[in-house]
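Engineer: Going left to right, the sequence shown walks through residues 1 to 901 as this note's numbering numbers them.
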Amino acid sequence: MKKLIEKLGAFFIALAMILAVFPTQVQAAATAETWFEAGKSAEKGKDYRFVEDSSSHVVSEIQVMTATGLGFVSYLMTGGVTVDGVNYGTAEVGDATIKLMNDIDLAGKQWVGIGGIAIYSGTTQATYTATFPGSSPQTSDYFYAPSTGSNIVDFKGNFNGNDKIISNLTIQRTYSGDKDGTDDWGISNLSGYNASKNVGGYFLGENYFMLNNDGEFKNVTFRDINVQIIDKFVSTNLIPMESYLTDYYRGSATGFGLIMENHGTVSNVSADGNVTILSSMPFYYGLTAINRGTISNAAMNINVDLLLASDSGHRYAGLQSTPSVKLNDGVMRRYALISGIAGITGEPIPNQSKLDGLTTSSIKNSSVRGAYNLYYADVDTSSYPVYDGLEAYKNAQQLFKLDLLNDTHGYSGSLKGLLTNYELSLVSAISGSGYNSITVDSTTYNIQVGADESYTGAAGSLRGKDLSGLANPLETMSVNYTAEPGSKAKLFSTPAEPVVAKTETFTSSVGGVVASAWKRFSDGAATNSIEIPIYLTTAGDISYKVELNWGDMEFVYDRGSYDAEKGETVPSQGNELGWNGNDNTNNLINVINKSNASVNAKLNLQLDKNYSGAFYKEAGADKTGSNEKDYAGKASYAAGTYLALSSAGGGSDSQNFYLVMGGAPNGNLSNAQIGSITVTVTSQTASTDSTKLTAYLNDDTSTTYAVDSDVEVGDVKLIANKTITVADNMTMTLFGELNANGNTITVSNENTLGKLTLHPEFRVIGSAGTVLDSTKMLISGAETLKANGLVWKDSTGNAIADLSTTGLQGDNVKLVYLGSVADYLKAADLSEVYPINSSETVTADVLNDANVLQLNNGAVLTIEGTFTGSGTLQLNAGSNGSVIYNGNTYHGAADTVMIIE
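1. Using DSSP's beta-bridge definition, name the partner residues of Met777.
2. Residue range of the alpha helix (DSSP H) that Val93 falls in?
3. Since Thr569 and Gly560 are thought to touch, with beta carbons under 8 Å apart, how far apart are those beta carbons, to the nearest angstrom?
4. On the CB-based measure, 16 or more other CB atoms within 10 Å of its CB, does Asn668 come out buried or exposed?
5. Between the segment 700 to 708 and the segment 588 to 608, can you find at least three pairs of beta-carbon atoms closer than 8 Å?
6. Are the beta-carbon atoms belonging to Gln903 and Asn741 less than 9 Å from one another?
7. Under the three-state reduction of DSSP, which class applies to Thr537: helix, strand or coil?
8. Confirm, please, whether the CB-CB distance from Gly264 to Val227 is below 9 Å.
9. If you check the beta carbons only, do Tyr384 and Leu278 fall under 9 Å apart?
10. In the DSSP assignment, find the unbroken beta strand (DSSP E) run with Val546 in it and report its ends.
11. Report the residue from Asp699, Asp84, Gly620, Gly625 whose alpha carbon sits nearest the alpha carbon of Tyr631.
12. Can you list, in chain order, the residues of its chain with a C-beta nearer than 7 Å to that of Val83? Leave out the 5 residues immediately preceding and following it.
13. Taking the straight line between their C-alpha atoms, what separation do you get for Leu404 and Met732?
14. Kindly indicate which three-state DSSP category Met364 falls into: helix, strand or coil?
15. Could you pull out every residue in the same chain whose Cβ sits closer than 7 Å to the Cβ of Tyr885, ignoring the five residues on either side in sequence?
16. In this structure, how does DSSP classify Gly273 when only helix, strand and coil are distinguished?
17. Which residues does DSSP list as the beta-bridge partners of Glu37?
18. Give the straight-line distance between the Cα atoms of Gly869 and Thr775, rounded to the nearest whole angstrom.
19. Taking Ile338 as the reference, which of Ser636, Pro282, Gly357, Leu106 has the closest Cα?
20. What residue from Asn671, Thr682, Gln673 has the CA that sits closest to Ser598's CA?
21. Distance, Cα to Cα, Thr896 vs Leu853?
22. Less than 9 Å separating the beta-carbons of Asp356 and Lys401?
23. Does the Cβ of Ser612 have 16 or more other Cβ atoms within 10 Å, making it buried, or fewer, making it exposed?
24. With distance defined between alpha-carbon atoms, name the residue in Trp111, Met65, Val86, Leu76 nearest to Lys99.
25. Identify, in the order they occur along the chain, each residue of the same chain with its Cβ nearer than 6 Å to the Cβ of His409, setting aside the five sequence neighbours on each side.
26. Where does the unbroken beta strand (DSSP E) through Thr656 begin, and where does it stop?
27. Is it buried or exposed, Gly293, if we count other Cβ atoms within 10 angstroms and call 16 or more buried?
28. Can you have a look at Ser368 and say buried or exposed, based on whether 16 or more other CB atoms are within 10 angstroms of its CB?
29. Could you check if His891 is buried or exposed, using at least 16 other CB atoms within 10 Å of its CB as the buried criterion?
30. Find out if the Cβ-Cβ distance for the pair Val275, Ile302 is shorter than 9 Å.
31. Should Asn584 and Lys629 be called a contact, given that it needs their Cβ atoms to be closer than 9 Å?
32. Say the cut is 8 Å; is the CB of Ala496 nearer than that to a heavy atom of the ligand SAH?
33. Return the bridge partner residues of Gly450 from the DSSP annotation.
34. Smallest Cα separation from Glu576: which of Ser595, Gly766, Val791, Val556?
35. From Leu873 to Ile724, what distance separates their C-alpha atoms?
36. Given a cut-off of 9 Å, decide if Thr170 and Lys109 are closer than it, judged by their beta-carbon atoms.
Right under this line is the structure:
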C-alpha cells in the first residue's frame, strides 16, 4: 500500500505591533465613529459586567459581551470613569482580567486601543511616551507607558479571550506631517517630545489593540484584521536621547501591532488579515515590538505591504526610540522592518536586567505565514492616496531595492545608512534579537517575500540571514533556535502572493508494475505521496492529520482465448474473463482521520470514454476459486460527494473505498493510463442548506421546498413527488445516484435565472419514467453525463438533440429515464431510441421489439450470450460507438443504420 499524509496544520495567525507615528489632519469624514466613543454609552449587564467586591468595588473580572462592551474597556482605561456612582481607577480595575464572553465583531467602526489614552477637559488624547526605561518622564521598567501625571489606569491585569474570535479589527490612520493635531477619528495627539521634553522628531499614536501586557494575554483569535496607515511626515534627523546617552538616537517611524510590549505571557493567540503602511520608515512587528516575556502557541498569517516613501531618495527616516540606534561604535540590536512575531526578543539594552521572575525571553511552538511585499514610493505629500485608493496606488509602485535610495547626504541615520551600515534588516521571519538569554524552539515559518532581486547580496539588506529569524545573534545573548524542516522563505521578484492550500491530483498508469507509475500533477514528480499543510483559523489546539492509503490501481482486462478442446473462450491463468484487479486490495482507497476534529473527504473519478467505474464503501464478497470480489449488494458511494469522518474522543475514524471498473478497451494496451482519481480532504462540512434539501428529498413530505443558496445533493431515493423552487442566481447541483422510484422532482424558477447543474457522475436507477421536470431553469452538465438511458424531452414529448444550456432553456424540459440497458432490450412496445454514453456489458435475453441503440462518446456495449425472441436490434445512424455480439463488432456510422444479427 502507498501512503499519503496530509497535515492540515492548525491556526492561521498573526498579531502585530505599532510604533511611532505622528499627529495628523483629518482625512475621513468627521461623522466617523470609533468603538471608544460607542463604549461611552455601553450598558452594564448588556454590553459588559463587573465581577467585583461589593464593598471595595475592586474588580476581579470585566466580562465583555459585545463590541460596544469592548469599546467600553478602552474608555474605562482612561481612568476615573464613573459607573453607578463608583469611580473606577487603577485601584479598582488595574489588576482585573478582561474576559470575552462572546465572539466580537468590530466591523463598522474604528478601533482605539486599550490603555495609553486619556481624556483632558473633554478632549481625547494619546498620552503615552516611549523612551529609555528609567529616564524622564517615565520611571517604570517599560519603554511604552503613560506619561507622568496622566490619570490613565496602570493596567497590570490579564486578557482572556476565552477561545472567542475578534473579527474585523479596523485601524485606518493618516498622519499629515504636522507635529500637532487630531487624527482621522478626533483623537488629539501630544506633540512629539524627546526624552528631555524638548520638541523632537518622533511621535507615538494610538494604533494598537492593547498597550502593554504584564500578566496573561491568551486564548483569542483575531480574524480579518484591516490596517491602513498613511504617514506624510518628513523627518529630517534623528535626535539624541538623554544627555548621558548622547550616542543613542531615535527618530520618526510608523508601525502597527496589537501589544506594545510584553512583560508577561502570551499564549494561544492567532490572527489573520492585511496590513498596509505608507511611510518613510514603516514597521510591522508581528505580535509585539518588545518581547521581554514568553510567547507560545502563536500562529500568524498576516499579509504585509510596506511602501517605503522617499522624496527623490533624499527623505530622511530615523527610528522610534525603542529599539534605538547606537551610532558611535556601530553596535545595534538586530531587528527588521518586518518581523514575524516580535521586533526584538530579549533586552533591548545591553546592561538591562531581566524582569523579576524571568531568566529567559522566549518564543515557542509558534508559526508564521504570510506574504511580505516591500515597495518604493517616490512621492511628495500631495500625491498620497486616500484609503480606498491605497490598493491601486500600491500596485503602481515598483518593488523596493537599495539603489532607489539615492541618499546624497551620506547621513548614517537615513534609511539607506541604517540598512547598509548597521544591523537593520528588511525581514526577520520570527524575531529580531536583543540581549541576555533568549530561547526560540519549535517555531516554523513559511513566508513569501517580494522585493527587487537586485537588492540581495553582501551590500544589501535582504540577506539570507534576514530570512531565518534569529540568525547572526549578538554575542551577548544565548539563542536556541529550531527551524523545522517545513520552514522556508522564498524571494519573489514580483509581488508575493499569500501561501494558499491547494487540492493535489495523482494519476496512475494502469498496467504498471510499481506504484512509482503514479504522477503528481503539481510538479510532475513520479511519486504517490505528498505532505499538504492546510491552515485553519482557530483559537484552540485543534490540529488535523489525514492519512490516505491506496492500492496499485493496476487492472487487467482479459478477453480470453478460444480453447478448441474445451470449445469455449478461457482467460489467462489466474485471471477471470473481463476485469481483474477488483480484489479489495489493488482497488482500495483508505482514508483515516487522525485529527482531533472531524474532516470530510471526497473522491472524483475521471476515466477515458470507453470505461466506467463505480465506488463502493463496503468490501466485496469472496468468490469461489477466484481472487476477485463480488460487490453486488454492497453499499455504493457517489463520486464527488463529501463523506464525513469523525474523531470522537480524539480517536481515529477510517473509511474504505473500492473502485470497480467497467467497460471494455479497444485494441491491445500495455501500461496505458486510462484515468485518475482525485482525493480531496477538507475541514469544511456540507452546508446546512444542502443537508436540509437532501433530507427533504428522501422524506415523504410533499410541500414545496425553496432553495435560496447554492446546494449540492448526493444519493436520493424518492418516496414522494417533490417540488423545488430555486432562487435567482442560485445553483442546485445533483451528484451521485437518484432512485426516482416512480416519482418526479419538479424544479423551477420564475425568471430563468435559477441554475440546475448535473455532475458527470450523476446517474439514475430504478424504474423507468420522468425523473426531473424543469421549468425556466438554466441547465448545465447534460452533455457530459456518463449515465445510460437518459433522454431529455420538450413540453410536447419530443426528444431534445441540443443538450447545451441554450438547448435546454425551454419553459418546460423533462429528463426521462428509459431504465437499464438490460430492461430496455427485453421490453415490449418500444418507441424510444436508447442512449448509451458509457461502456457496459449485458447478458442477452429475449428481444420483443425493434430495439434501437444510440452509442455516444465511443461507448462499447458488450453482449454476452445469444438473444431469443422475434425482436430486432439496431445501431442508430450517428452512433460513434460499437456493439460486440456473437464474436462480431458492429461500428456506428454517421448516416447508416446498422442491423445487429
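Here a beta-carbon is modelled for each residue, glycine too, at the ideal position from N, C-alpha and C.
Structural biologist: Quick answer:
1. Within the sequence shown, residue 777 is the residue found at index 777, counting from 1. Bridge partners of Met777: Gly754.
2. For the purposes of this step, residue 93 is taken as the residue at position 93 of the sequence shown. Per DSSP, the continuous alpha helix (DSSP H) segment holding Val93 begins and ends at 90 to 93.
3. The residue given as residue 569 occupies position 569 in the sequence shown. The residue given as residue 560 occupies position 560 in the sequence shown. Confirmed, about 4 Å.
4. By one-based count along the sequence shown, residue 668 stands at place 668. When all chains shown are included, Asn668 counts as exposed.
5. Verdict: no, contact absent.
6. Because the chain is modelled from 1 through 901, residue 903 falls outside the range shown and cannot be assessed.
7. Your numbering for residue 537 matches position 537 in the sequence shown. For Thr537, the pLDDT reaches just 46, beneath the cut-off of 50, and the residue's location in the model is therefore unreliable, although a value from the coordinates is still provided. Reduced to three states, the DSSP call for Thr537 is coil.
8. The sequence position of residue 227 within the sequence shown is 227, counting from 1. The sequence position of residue 264 within the sequence shown is 264, counting from 1. Cβ atoms of Val227 and Gly264: not closer than 9 Å.
9. Position 384 of the sequence shown, counted from the start, is the residue given in the question as residue 384. Position 278 of the sequence shown, counted from the start, is the residue given in the question as residue 278. A contact, by the Cβ cut-off of 9 Å.
10. Here residue 546 corresponds to residue number 546 of the sequence shown, with the count starting at 1. Counting along the chain, Val546 sits inside the beta strand (DSSP E) bounded by residues 544 to 550.
11. The residue you call residue 631 lines up with position 631 of the sequence shown. Per the C-alpha coordinates, the member of Asp699, Asp84, Gly620, Gly625 positioned closest to Tyr631 is Gly620.
12. Along the sequence shown, read from residue 1 onward, the residue named residue 83 stands at position 83. Around Val83: Lys44.
13. Counted from its first residue, the sequence shown places residue 404 at position 404. Counted from its first residue, the sequence shown places residue 732 at position 732. Rounded to whole angstroms, Leu404 and Met732 show a C-alpha spacing of 54 Å.
14. Counting from one through the sequence shown, the residue named residue 364 turns up at place 364. For the sequence presented, residue 364 should be read as Lys rather than Met. If DSSP states are grouped into helix, strand and coil, Lys364 belongs with the strands.
15. Walking along the sequence shown from the start, residue 885 turns up at place 885. Same-chain partners within the cutoff: Ile863, Ile900.
16. In the sequence shown, the residue the question calls residue 273 occupies position 273. In the structure shown, Gly273 sits in a strand (DSSP, three-state: E or B).
17. Taking the first residue of the sequence shown as 1, we reach residue 37 at position 37. Glu37 pairs with nothing; no bridge assigned.
18. Here residue 869 is taken as the residue at index 869 of the sequence shown, counted from 1. Here residue 775 is taken as the residue at index 775 of the sequence shown, counted from 1. When rounded, the distance between both Cα atoms is 41 Å.
19. Here residue 338 refers to the residue found at position 338 of the sequence shown. For the residues Ser636, Pro282, Gly357, Leu106, the minimum Cα distance to Ile338 belongs to Pro282.
20. One-based indexing of the sequence shown puts residue 598 at position 598. The shortest C-alpha separation from Ser598 is found at Thr682.
21. Taking the sequence shown and counting its residues from 1, the one referred to as residue 896 is at position 896. Taking the sequence shown and counting its residues from 1, the one referred to as residue 853 is at position 853. Cα to Cα, the separation comes out at about 13 Å.
22. Here the question's residue 356 lines up with position 356 in the sequence shown. Here the question's residue 401 lines up with position 401 in the sequence shown. Against a cut-off of 9 Å, the Cβ pair of Lys401 and Asp356 comes out as no contact.
23. Here residue 612 corresponds to residue number 612 of the sequence shown, with the count starting at 1. Buried, by the Cβ-count rule.
24. Counted from its first residue, the sequence shown places residue 99 at position 99. When only C-alpha atoms are compared, the closest one is Met65.
25. If you number the sequence shown from 1, residue 409 lands on position 409. Here the model assigns His409 a pLDDT of 47, short of 50, so the residue's position is not dependable, and the following value carries that caveat. Once the five neighbours on either side are set aside, His409 has no close Cβ partner at all.
26. The residue you call residue 656 lines up with position 656 of the sequence shown. Looking at the sequence itself, residue 656 is Asn, so the reference to Thr does not match. Its beta strand (DSSP E) spans residues 653 to 663.
27. Within the sequence shown, residue 293 is the residue found at index 293, counting from 1. Under this definition Gly293 is a buried residue.
28. Reading the sequence shown from its first residue, position 368 is the one you call residue 368. The sequence shown places Val at residue 368, rather than the Ser named in the question. Answer is buried; the Cβ neighbour count reaches 16.
29. Here residue 891 refers to the residue found at position 891 of the sequence shown. That one is exposed.
30. Here residue 275 is taken as the residue at index 275 of the sequence shown, counted from 1. Here residue 302 is taken as the residue at index 302 of the sequence shown, counted from 1. Yes, the pair counts as a contact, with Cβ atoms nearer than the cut-off.
31. Along the sequence shown, read from residue 1 onward, the residue named residue 584 stands at position 584. Along the sequence shown, read from residue 1 onward, the residue named residue 629 stands at position 629. Taking C-beta atoms as the reference points, Asn584 and Lys629 count as a pair closer than 9 Å.
32. Ligands displayed in this structure: none; no statement on the ligand SAH is therefore possible.
33. Numbered from 1 along the sequence shown, position 450 holds the residue referred to as residue 450. DSSP output for Gly450 lists Asn373, Phe492 as bridge partner(s).
34. Translated into the one-based positions of the sequence shown, residue 576 becomes position 576. The option with the nearest alpha carbon to Glu576 is Val556.
35. Along the sequence shown, read from residue 1 onward, the residue named residue 873 stands at position 873. Along the sequence shown, read from residue 1 onward, the residue named residue 724 stands at position 724. Rounded to the nearest angstrom, the two C-alpha atoms are 39 Å apart.
36. Here residue 109 refers to the residue found at position 109 when the sequence shown is read from its first residue. Here residue 170 refers to the residue found at position 170 when the sequence shown is read from its first residue. Yes, the Cβ-Cβ distance between Lys109 and Thr170 is below 9 Å.
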